[in-house]
Amino acid sequence: MFKTLREDIQTVFAKDPAARSTLEVVFFYPGLHALWFHRLAHFFWRHRLLFLARLLSHISRFLTGIEIHPGARIGKRFFIDHGAGVVIGETAEIGDDVLLYQGVVLGGTTLKKGKRHPTIGNNVVMGTGAVALGSIAIGDRARIGAGSVVVRSVPPGATVVGIPGRITEDHQKPLMDLEHGNLPDPVAEAVRFVLREQDKLEGRLRILESARGIASPKDELLEKIMIEAVFSQGGGI
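In case it helps, the working numbering puts the sequence shown at residues 4 to 240.
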């Protein structure tokens, strides 16, 4: 037991550069407290002491702002950074070395009994406000960008962004940091592609009009100019 507690504290130091001392980690990290509450609640859940398990889970939510159902299965070296608003459902399964940021939801999409929450692989990172819904699988080393909503299974090593979540690139090596400013934007890429194709068509049309002696009207589409300005540099602020 003490080995596990020591490993949990070391995990905080490994995944949060703000951690400065063991005393600070033990007393001031709600993500760690929620994990310890869950381990005890899950023990009672497995031994069919359901009311006591739910009571501990409820107390944990009140104290930490993190809701983990006692039936959820969580692996080793799991860490919730900040943690406010995190919700992990009853049939959720989480692998080893997983990092969740605040507001992450592992939710269900059906009222039927049985497996209805996501299965998260090893070395997965889910950014702030990311949501995974249903009995889907998120593969090892996947990264889920902030605010993304994932409703389909994600292959190992993939990066997912957007609503609904779209796969943008694959990684073949473990990567724990999630630099949201460097994540690709598939919507912005699609809009930039359409704008480039439109420019090509307009150029060809001007050549035809010039050959027939037709004066080309001035482009007065202010909206298009604004769209080009936004998406030409990646669509972000």
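C-beta: ideal position from N, C-alpha, C; glycine also.
Cα-Cα separation, residue i to residue j
i	j	result
I217	G132	54 Å
R263	G168	Residue 263 cannot be examined here, being either before or after the span of the chain that is shown, 4 to 240.
H45	L103	19 Å
I147	T94	20 Å
F196	E205	14 Å
K118	F31	34 Å
D84	V90	13 Å
D143	D99	9 Å
L208	A214	10 Å
Counted within 10 angstroms of its Cβ, other Cβ atoms place residue i as buried (16 or more) or exposed
i	result
K176	Confidence in K176 is poor, its pLDDT being 49 and thus under 50, which makes the residue's placement too unreliable to answer from.
Q201	exposed
A21	exposed
H72	buried
Q105	buried
Pair within 8 Å by beta-carbon distance, residue i and residue j
i	j	result
I62	F81	no
A149	G130	yes
A56	F47	yes
P121	G137	yes
Host alpha helix (DSSP H) of residue i (start-end)
i	result
G34	P33 to R49
L66	L53 to T67
K8	Checking the sequence, you will find Leu at residue 8 rather than Lys. Segment F5 to K18, the alpha helix (DSSP H) holding L8.
Bounding residues of the beta strand (DSSP E) (the contiguous stretch that carries residue i)
i	result
A161	A161 to V164
A133	That residue, A133, is in no beta strand (DSSP E); it is neither H nor E in DSSP.
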